[in-house]
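Read left to right, the sequence shown gives residues 1 to 599 (our numbering). Take a look at the structure below.
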Amino acid sequence: MSGMPKLTLVRVSGCTKSSHTIEKPETSIGREGSDINLLDGAVSRHHAKISFRNGAFYIEDLKSCNGTLVNGNQISTPTKLTPQERLQIGGTTFAIAISGQEETRQASPQKLNSDATVSIMLDAQMRDILAVSDAANIKELQRSKDDLMALYRAAQVISAILDREELFEKTLEIIIGELKSVDYASIHLYDEQSGALACVANRHKDGRADGDDYTFSRSITDCVLRDRKAVLVNDAQNDGRFDTSMSVFKLKIRSAMCVPLQSRDRLFGVIQADALRHAAFSKEDLKLLTAIGMQAGAAIENASLYEKLAIETAALKETNEKLQIAQQSLVQSEKLAAVGQLTAGIVHDVKNPLVVIGGHAQLLREVLENSPVKEIDGLDLTQSVSEIEKGVSHCVEIITQLLQFARQSQPKMEPTDVNKLMEETLNFVAYELRKHSVKIVTDYTKNIPPVHMDGNQIKQCLMNIVINAVQAVKEKPLLTISTMLKNIDGRQFASISISDNGTGMSDEVKQHLFEPFFTTKKAGSGCGGTGLGLSTSYGIIRNHGGSIEVDSVLGLGTTFTILMPTTLPSSKESSEYDDSSTVKLKRVEPAPDKEAAAN
1 MSGMPKLTLV RVSGCTKSSH TIEKPETSIG REGSDINLLD GAVSRHHAKI
51 SFRNGAFYIE DLKSCNGTLV NGNQISTPTK LTPQERLQIG GTTFAIAISG
101 QEETRQASPQ KLNSDATVSI MLDAQMRDIL AVSDAANIKE LQRSKDDLMA
151 LYRAAQVISA ILDREELFEK TLEIIIGELK SVDYASIHLY DEQSGALACV
201 ANRHKDGRAD GDDYTFSRSI TDCVLRDRKA VLVNDAQNDG RFDTSMSVFK
251 LKIRSAMCVP LQSRDRLFGV IQADALRHAA FSKEDLKLLT AIGMQAGAAI
301 ENASLYEKLA IETAALKETN EKLQIAQQSL VQSEKLAAVG QLTAGIVHDV
351 KNPLVVIGGH AQLLREVLEN SPVKEIDGLD LTQSVSEIEK GVSHCVEIIT
401 QLLQFARQSQ PKMEPTDVNK LMEETLNFVA YELRKHSVKI VTDYTKNIPP
451 VHMDGNQIKQ CLMNIVINAV QAVKEKPLLT ISTMLKNIDG RQFASISISD
501 NGTGMSDEVK QHLFEPFFTT KKAGSGCGGT GLGLSTSYGI IRNHGGSIEV
551 DSVLGLGTTF TILMPTTLPS SKESSEYDDS STVKLKRVEP APDKEAAAN
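Have a look at this one:
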């Protein structure tokens, strides 16, 4: 056809030769037997055809398996081809060049394949990298293709980096690798408040880097920062933008490129690339470096957002943890408040029967004093009455203490010998220990300073722990009791440890151990509990500025350790300590020498 223009398919990627020129009205594309034979497994035997009619070239898909794409969009009808478009057939992509007719430039940005790994941000200046001023100039097309592939490779590397230092190093590595004329390159970050420009990374072509004393031309960088436009210097000595007093001359720079390091909305600094020879860089080099600068700027923005997200996530996690602690504290406070309400309601009803029992015991004592009968079957009646009176007195004392605790009353502090207090506790529960045939092993540290405490309240705590330990042991019960001095965070504490060889506790039980009304003892088992003993003990010890540690392994046993300060803290220290007095739950193996000591 006379006067028909030529269409050239220039390979951008895929398995075929560099270009195919079409000079006839109809050209088939496919596998073997087609006018253009593509050695591509994704191409059908008769894949597509290009035809010339009405002064234009059209591409038509011939119902191929994988379709035909123009600018990333699959076509279903004959589609007009224009210069600069991208034609994809199977795994092969072509750039369209047409000679012999008036070219029509697209006003809208060129679209890249939708399955591209990275979306490359190019402004109007950078899109010229893909433009072809002369369709017949295959060399220029090849440069455009090479630059596009360079941007693709750069985007693959840069977009995946979130660490700034690594990002800067990789960016310089890419610049020196893709722009062969660069002898050394550097990245400079700009501080908007101070106006300072700091070199954060630099690299020579041989891979070495200068130290903190790396110098660069502020004359060039100031131009870029001021105008936010790329600067190309191929002959600094004759460049009218710089006078002889500027650093360009002092540093003897022959060729240099400096581009903004920026995202769409923010200027981070500049990237500078220098060469030791005259006229080392072209405009295409500058366009490529500008595109890399925008890629790096977008990556910096992503890294900044990631850092901000990480900080906010950590803060949110910390806030959530504090909220959970506050919630647990609130629940505990509400339960303790319930204990107070319950205690206040029942104390009167409990005390009345005790008063009756005490009164009748006193009556029996008076009768026995005037009666000749003092014993029945060898039982000393007067002694029995004394035991009744003692038990009633102790019950009244415990109820009073529980009521005082529920009302948050302060303990009556006085110096107390912890070893003596522990022995008094064991004597008080001696009957329970004998009934269960419990073996006791004690290891008391001598010379423990007297501890300021309310002895009756702490004795109640020790008694609760001992009774619980006895009830937890089923066979060959053994209690190992020890006292010692411990230094914790510069303070001295008296430690009382009570270990059993019982069944131990699960993690779930340990989490609720000190909650009011929580109990694992079954009603009707002979040792059913109210769930108030340990919660009351916890409150008493906390009011003393102490703490409880619980070490338990399921199936092996449990150790309760009470820590009491040996010195009275200042009011500030006491407040701080009370706030941090919490139950510590651990999973540790019981000390192996305890059972050996028992044997």
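We put the beta carbon where it would ideally sit given N, CA and C, even for glycine.
**Asked** What is the DSSP secondary structure of P25, reduced to helix, strand or coil?
**Response** coil
**Asked** If we call anything under 9 Å between Cβ atoms a contact, is L426 one with G455?
**Response** no
**Request:** Let me know the alpha helix (DSSP H) ranges lying completely inside the stretch 464 to 513, each 4 residues or longer, listed in chain order.
**Result:** 507 to 511
**Distance between M149 and S159 (C-alpha atoms, nearest Å)** = 15 Å
**Item:** Through-space distance from V373 to I467, alpha-carbon basis
**Value:** 37 Å
**Prompt:** How would you label G297, buried or exposed, when you count the other beta carbons within 10 angstroms and need 16 or more for buried?
**Reply:** buried
**Message:** Given this structure, state the Cα-to-Cα distance separating I271 from L305, to the nearest angstrom.
**Reply:** 21 Å
**Request:** Determine the burial state of D353: buried for a count of at least 16 other Cβ atoms within 10 Å of its Cβ, exposed for fewer.
**Result:** A quick correction: the sequence has Pro, not Asp, at residue 353. With fewer than 16 other Cβ atoms within 10 Å, it is exposed.
**Message:** Tell me the DSSP secondary structure of L534 in three-state form.
**Reply:** helix
**Item:** Contact belief for C258 with V224 at Cβ below 8 Å, rounded distance in angstroms
**Value:** 5 Å
**Request:** Would you kindly work out how many angstroms separate the C-alpha atoms of I187 and A154, rounded to a whole number?
**Result:** 16 Å
**Prompt:** If you count every other CB in all the chains shown that lies within 10 Å of the CB of C461, and 16 or more means buried, which is it?
**Reply:** buried
**Request:** Look up P83 in the DSSP assignment and say whether it is helix, strand or coil.
**Result:** coil
**Asked** Counting pairs of Cβ atoms below 8 Å between the stretch 499 to 506 and the stretch 471 to 478, do you hit three or more?
**Response** yes
**Request:** To the nearest angstrom, report how far apart S64 and Q74 are at their CA atoms.
**Result:** 11 Å
**Message:** At 4 residues or longer, what runs of the alpha helix (DSSP H) sit wholly inside the stretch 155 to 242?
**Reply:** 164 to 178, 218 to 227
**Request:** Report yes if the CB atom of R53 is closer than 9 Å to the CB atom of S44, and no otherwise.
**Result:** no
**Message:** If you measure between the beta carbons of T567 and Q492, is that distance less than 9 Å?
**Reply:** yes
**Request:** Give the straight-line distance between the Cα atoms of V231 and T68, rounded to the nearest whole angstrom.
**Result:** 41 Å
**Prompt:** Should the stretch 281 to 288 be called in touch with the stretch 310 to 326, which here means at least 3 C-beta pairs below 8 Å?
**Reply:** no
**Message:** Short of 6 Å in beta carbon distance, which residues of its chain neighbour I440, apart from the five on each side in sequence? Order them along the chain.
**Reply:** L479
**Prompt:** What residue range is occupied by the uninterrupted alpha helix (DSSP H) comprising F428?
**Reply:** 418 to 428
**Request:** Classify Q295 as buried or exposed, calling it buried when 16 or more other Cβ atoms lie within 10 Å of its own Cβ.
**Result:** buried
**Request:** Answer with buried or exposed for I161, where buried requires no fewer than 16 other C-beta atoms within 10 angstroms of its C-beta.
**Result:** buried
**Message:** Taking DSSP's pairing of strands, which residues face R277 in a bridge?
**Reply:** According to DSSP, R277 bridges with nothing at all.
**Message:** When you measure from the CB of D206 to every non-hydrogen atom of the ligand SAM, does any distance come out below 8 Å?
**Reply:** The model on display carries no ligand, and the ligand SAM is accordingly not part of it.
**Prompt:** Near T21, what residues of its chain come up, given a Cβ to Cβ distance below 7 Å and the 5 sequence neighbours on each side ignored?
**Reply:** K6, T8
**Message:** Can you tell me where the beta strand (DSSP E) holding R31 begins and where it ends?
**Reply:** It is not in any beta strand (DSSP E) - R31 carries neither H nor E in the DSSP assignment.
**Item:** Span separating the alpha-carbon of S19 from that of N302
**Value:** 39 Å
**beta strand (DSSP E) segment containing T77, residue limits** = Neither: T77 is in no beta strand (DSSP E) and is coded neither H nor E.
**Message:** Taking 9 Å as the threshold (C-beta atoms), are E549 and S535 in contact?
**Reply:** no
**Request:** Decide if D274 is buried, meaning its Cβ has at least 16 other Cβ atoms within 10 Å, or exposed.
**Result:** buried
**Message:** Here's the rule I'm using: 16 or more other beta-carbon atoms within 10 Å means buried, otherwise exposed. How should I488 be labelled?
**Reply:** exposed
**Message:** Taking its Cβ as the centre, do 16 or more other Cβ atoms sit within 10 Å of S431, making it buried, or is it exposed?
**Reply:** For clarity, residue 431 is Tyr in the given sequence; the question names Ser instead. Exposed is the call here.
**Request:** Using three-state DSSP, classify K283 as helix, strand or coil.
**Result:** helix
**Message:** From the DSSP secondary-structure annotation, give me the bridge partner or partners of L563.
**Reply:** S495, S547
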